[in-house]
Amino acid sequence: MAAPATKLVKDIEPLSAPQRRRALATVALRLAGTPDLRALLADLAGRGRYERILAMHLAAIAADREHLVSQLDSPEQEFVSRAVVALVRTGVEPAALVERLPRMAQRTRRVLYRAIGRRTRDAALADALLPEVRRLFGEAEAAGILPYCSPSLVAEHLPEFAYTVPNWQTLSRRHSETVLAYLTARADEAGEPDWPELWPRIAAGASAFALREPDRLLALATQAVRFVQLNGLETVAGALARHDPDAVVDLILHPSGRGNCLAGRAVFVALRELPDDRLTAVCAAYPGYHRRRFLHALPPSRRTELVRQVFIRPGVEAAQVDLDALDSLPMPDRTALARELLSRRGGSDDRSARERLIARLSWEEAESVLRESIRRPTADERAEAYPLLVTAAVGSRDPAVLGALLDSLRRLRNEQDPVRRNALQAINRIPPSLLRTEHLPALESLGTDALQARDRSPTTTGAVGALARTLLVHGARVDDAACAESALRLIENLAAQSGSVPLWDVDRDLPRGAEHRLFAALRRRLDADAARDEWGLTLALATGLNKRAWRVPPLQQLLIRACGARNDAVIRAAADLALANPATRDEHLSTLLNRDRSLISLPRVQRLIATRRTDLLDTVLNGATPGRFIAPKVRLVPDFSAGFDGWTPRQIELYARALTAMVRAKESSPWEKTWAIHRLGRLPGSFARLVGYTDHPELRVAEAALTALGRSADAEAAIGVLARHVDTDRARVAVSGMASRARSIAPDRLAGALTPLLDSPKITSLKEGVRLLAALRVPEAMATIQAIWDRPSQHRDVRRAVVFACRWLLDHDEAWKILAEAVTDPAVADEVLSLAPALLPIPQRHRMAALVREMAGGADVQLATEAMRVLAAWQRWAPADTGDMLVRRLADLGEAGLWRQVARVLVGSGFRAEVPSAVDRLLAAEDVVIPGRDLPARQRLSTLLGHLCAAAGQSDEARATAVVVAERLAGETQWRRFAIDLLLTQIRWADPGSSVRAIQQACGLARGALVVYPAEQLRTQLARTGQMVEAAAMTTVARELSTDVDSATALAALALIAQCGNHCGWTATWVELLARMRTHGQSNVRVAAHEIFTVAE
């Protein structure tokens, strides 16, 4: 009698993968807790890899922790990983894993962390692991399991780990209260430079915060909007708007414009109950695309005033009107606004603009004009007129009018193709709700005539296809047989012209259950096509219905029939569709392979056999598979790339033999041999099969074998073979494979495994060895890397690799010593600069910033230039004298190669407080003459002030600095232009009082040739402003400035009046202000005012 283990293996061998898993579960549950189970597990564990995996599956299902714990001490990390997952799922004492953590390879640890993440019952295991992971492998790795720890532990360690948390979304979802409290505390003390780092963390947790603490999230957004764009709130903006619409509106309307990214249908629907004035302001704050979406989200009764105030406000010419907004209005309002636009300046001058507006009038008013337009002599004019005629008819919402129009369009059969095309595209935009049965003959005739035209274009054919789709879907939706019949006749005509119906994504247009009616409507045509071996419509319908096609059994049967078509492309497409449904794919696969075994050559079939229908592997691998796609004498080697864990050893051996035969066959091409080697590398136990090919005479085969060894489960043996090639021409391949396998070796054995790399004379190999030692946190890493650094005459690239590797070892003082030495070596110093602040905890950032400051202040100009490029990122942690150093280097006229970078750093970072000092020093040196150079101090100061003006437009801190600098420049006649620019950056149009003061201060400096300068700058600033603030605020500013007797101030007011009048329309307010300026006391103001016109002649 066979042993239970032998019997079990034999019983499950002929089963498919799902059946095999069910059989194992049955056995495990039956034997759970019995001596028979322990005996069975012991017997299986003493056999090969396949049997050991079976034993671990049984132990996991039966919760036999003793067996699983015993596997943790296996020298093979594959089994350690499997045991770890099973133990985490079944529950294990944390000590069992903690004590083995130092011996776990990096890949095994990642498997452990993922398993912990999927287990949400308690945090004891993560709590126990966290301190050990931190001690052994660093804070970056420990932060990965922080989300799965207890709230108290998260609160304790989050301030230390925040810089390296890999997934703030997961952390916030699991510990929203703790994370929100931390982020709120950080926000309260954050300055402008902190928000670019802080806001992404807040946005990542927005989903959790909006659900539990929406008010606190809105408070954080209110703090952030002054400094950063509120990106990342898209998914929760609707929920926030429903919770507190006023707070969301305040964010959208923030003067910075950084809140108008809070958009989307959910937001628009939540805000549609706002008062009219707030509704108008919100719509005006959005860019054009969101404006239209916001408008369409409103009920029609609330759209008219919005369109009037935002889309066709005074000042918008008829030719610039957004017709889509106009078409969204109820018919009486649309007609009234169209008449108003026609009466505006230019409304009747441009024929195209006039006719577009006439098409929005009532049908009685529009018909005669547009009927005349479709009779114009040129095809281009008629092509433009026909869509307008259709638009006017649709706007009437009268089916009788639409029917008369469609009957009159039969004349299109004699038109040129561009005219027919435009008319058909317009017809396709007719809402299906307006279509009636009596319209169908005309629609069918229009489509048929267009298809029969000799000059028919592909675009026209596509328009007819779209018309057929509209009729077909509408017929299925409302169960209108006549509509479906018309669509079918159009489909037949399309087929005769090699056209097709665009049925893509048709499932989105159908109500629940309508797919059956759609199939019923097409059934006769589909069966007739099948009889003629034509499958285009069947495939298009199945593809368009997507998953809803699975619920139509007759359609699935047609797909099975299509797998026997004459056309190979049809078979491939039909097989993919027939095997897409998880519920029926196994049955369909058996049906297809019984009919034609050569279908194994199709990728979808191969994936199913490899991962599910393993019971068919013997049939596929044991003999020929002749049929449609494979000749009788050809033996196919299938392309299996996954699912091997569910194969039996015999099945793996069969596939390995087939691949080996392909490699050895003389008739195999090089690429076929390479492919076979790569597939061999994916099989369990691949090491023994691959090692013989590493010295193959064909280079491509040998390199493919080395590459495949980089995936071998036997990591140490693979590294031993790869190590023989690290000093050869194949080092680039071997080193890459060693790097991959090193992640599967326990840390305490890793140093020995990497010795060949570290002892190699090849620079490439040594560099990779250094990187792996540090990245994988080998215990001996620091001592080994220090020894490599100290070697006399060490190669520059190796020294750079050592500097790069130090980023993983900064908890060692030796690493900081290496960095300190590196900054004095021009050959490697720039490698220090590749380390970003986000990679370091706060205490280490101070040490790193000091190194960067040392480089930036050094005598090597090239190195200092490189350091200046990153110094701004480190400014918050830089030594206190860094600002003085920057001012000194900027004002040092003897140094000519660095000052531009210094000017950018001073203005664009937290060193702005030093800008006034730099201005003073450059002003003092303004008259210094250096032979061969031209006013060096003036050039530097001009550049510095230009950067400051640009920064002041974006930053509150820079704006404050600009005021101080402007006051110092006010007394310098030659620098008043810059002082004016700096003062004008203080303008905030939403605050009329401060804007008036800023303009008056700037104009107070405008004397002589500068008298018109403020007005010119205001004109430029207003032209650049994409969105104007409320007209009332602009009116207040203009009215206040217009009373000033000063010429510069009056000219600035005039520039504002002209810009706002042209933008908002010359209403009575702006006309009255312009008239006042035409009677101003200063003649130059009067002359300028008379050059501005409210109405063009």
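Numbering-wise (my numbering), the sequence shown opens with residue 312 and increments by one. We treat Cβ as the ideally placed atom computed from N, Cα and C, and that holds for glycine.
Problem - Assigned exposure category for Trp1381 - 16 Cβ within 10 Å defines buried - result: buried
Problem - Option nearest Leu1255 by Cα separation, candidates Arg1232, Val1114 and Pro752 - result: Arg1232
Exercise for the section: Verify whether the separation of the beta carbon atoms of Thr902 and Ala953 is less than 8 Å. Expected result: no
Exercise for the section: Buried or exposed for Asn733, please, with buried defined as at least 16 other CB atoms from any protein chain shown within 10 angstroms of its CB. Expected result: buried
Problem - Pairwise C-alpha distance: Ile372 and Ala336 - result: 6 Å
Problem - Ile1096 beta carbon near the ligand COA (any heavy atom closer than 7 Å) - result: What this structure holds is no ligand at all, so the ligand COA is not there to describe.
Handout entry: C-alpha distance - Arg445 paired with Val580, whole-angstrom precision
Key = 48 Å
Practice task
Excluding the 5 residues preceding and the 5 following Ala435 in the sequence, name in chain order all residues of the same chain whose CB lies nearer than 7 Å to its CB.
Solution key: Pro405
Exercise for the section: Measure the C-alpha to C-alpha separation of Arg634 and Thr772 and round it to an integer number of angstroms. Expected result: A quick correction: the sequence has Leu, not Arg, at residue 634. Between Leu634 and Thr772, the C-alpha separation is close to 27 Å.
Exercise for the section: Give a yes or no on whether the C-beta atoms belonging to Ile623 and Leu648 are separated by under 8 Å. Expected result: yes
Problem - Extent of the continuous alpha helix (DSSP H) to which Thr489 belongs - result: Ser487 to Glu500
Handout entry: For Arg1118, the nearest candidate out of Arg1156, Ala969 and Ile1074 (CA to CA)
Key = Arg1156
Handout entry: Local conformation of Ser797 per DSSP, three classes
Key = helix
Problem - Reference Asp375, options Asp384, Arg363, Tyr361 and Arg349, closest by Cα - result: Arg349
Problem - Buried or exposed (CB count within 10 angstroms, at least 16 for buried), Asn905 - result: exposed
Problem - Pair within 8 Å by beta-carbon distance, His565 and Val536 - result: yes
Handout entry: Simplified DSSP state of Arg1187, which is helix, strand or coil
Key = helix
Problem - Same chain, Cβ closer than 7 Å to Val1216, five either side skipped, listed in chain order - result: Met1179, Leu1182, Ala1183, Leu1197 and Phe1222
Handout entry: alpha helix (DSSP H) runs contained entirely in the region 643-697, provided each spans 4 or more residues
Key = 662-669 and 674-684
Problem - Own chain, CB closer than 7 Å to Pro1148, minus 5 neighbours either side, in chain order - result: Arg1156, Ala1184 and Trp1185
Handout entry: Check whether Val409 and Leu398 have beta carbons under 8 Å apart
Key = no
Handout entry: Coil, strand or helix - Tyr597 by DSSP
Key = coil
Exercise for the section: Mark Val560 as exposed unless 16 or more other C-beta atoms lie within 10 angstroms of its C-beta, in which case mark it buried. Expected result: buried
Handout entry: Enclosing alpha helix (DSSP H) for Ala1140 [first to last residue]
Key = Ala1140 to Val1143
Exercise for the section: Mind reading off the beta-carbon distance from Ala1361 to His1391? Whole number of angstroms is fine, and I expect it under 8 Å. Expected result: 6 Å
Practice task
Say whether the region 1312-1331 touches the region 1249-1268, bearing in mind that this needs 3 or more beta-carbon pairs closer than 8 Å, one atom from each stretch.
Solution key: no
Problem - Closest residue to Leu778 among Val789, Asp791, Asp790 and Ala795 (Cα-Cα distance) - result: Ala795
Practice task
Starting from the C-beta of Glu1177, find all residues in its chain whose C-beta is less than 7 Å away, skip the five residues before and the five after it, and write them out in chain order.
Solution key: Asp1141 and Leu1144
Problem - Ser1071, DSSP secondary structure in three states - result: coil
Handout entry: Beta-carbon proximity list for Val547, same chain, < 7 Å, skipping 5 on both sides
Key = Ala517, Ser518 and Ala521
Problem - Three or more C-beta pairs below 8 Å linking the region 464-476 and the region 488-507 - result: yes
Handout entry: Exposure label - Phe998; buried when at least 16 CB within 10 Å
Key = buried
Problem - Terminal residues of the alpha helix (DSSP H) in which Gln1370 lies - result: Ser1358 to Cys1375
Problem - Short Cβ contact (8 Å threshold) for Ala793 with Thr748 - result: yes
Practice task
Could you check which residue in Met1388, Ala935, Ala1359 and Arg708 has the C-alpha nearest to that of Glu675?
Solution key: Arg708
Handout entry: Per-residue DSSP class, three states only, for Pro893
Key = coil
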